[in-house]
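Residue numbers for the sequence shown, in the working numbering: 7 to 93.
Ideal Cβ placement from N, Cα and C applies to all residues, glycine included.
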Amino acid sequence: MKMATIREVKAKLSEYIELARDDVIVITRHGRAAAVLQGIEPADLEEVMYETSERFRSLITTRRQTAQKGMVPLSKVARPAARTRGR
7 MKMATIREVK AKLSEYIELA RDDVIVITRH GRAAAVLQGI EPADLEEVMY
57 ETSERFRSLI TTRRQTAQKG MVPLSKVARP AARTRGR
């Protein structure tokens with residue numbers, strides 16, 4: 007993990023982006039951590055988008071709360087329905 011000030015990162019952004027491919031860069035403001043610069047592979051972009059999406063997190067939270075209220079899991083409904091179709 008490397009540390010850099012905002013001023014350093016602004017002055018050499020391309021260099022820090024290259025460094026972030028192999029290491030995490032903690033960007034500081036007034037001596038305190040303010041952000042993280044971390045490289046990603048193109049294949050990981052979709053995963054990162056979901057991880058950082060407030061809407062997606064809200065949807066997951068809602069679904070978990072619904073499941074805790076005693077809703078019937080899909081696995082219990084899907085198996086009997088599949089058997090019915092096979093008749």
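Item	Value
Assign I31 to one of two classes, buried (16 or more other C-beta atoms within 10 Å of its C-beta) or exposed (fewer than that).	buried
Secondary structure at T72, three-state DSSP: helix, strand or coil?	helix
Please check the pair I33 and A40, which I expect to be a contact at CB under 8 Å, by giving their CB distance rounded to whole angstroms.	6 Å
For Q44, collect the residues of the same chain with a Cβ closer than 8 Å to its Cβ; drop the 5 residues on either side in sequence, then sort them by chain order.	A26, V30 and I31
According to DSSP, is R63 helix, strand or coil?	helix
Note the first and the last residue of the continuous beta strand (DSSP E) segment covering K8.	K8 to T11
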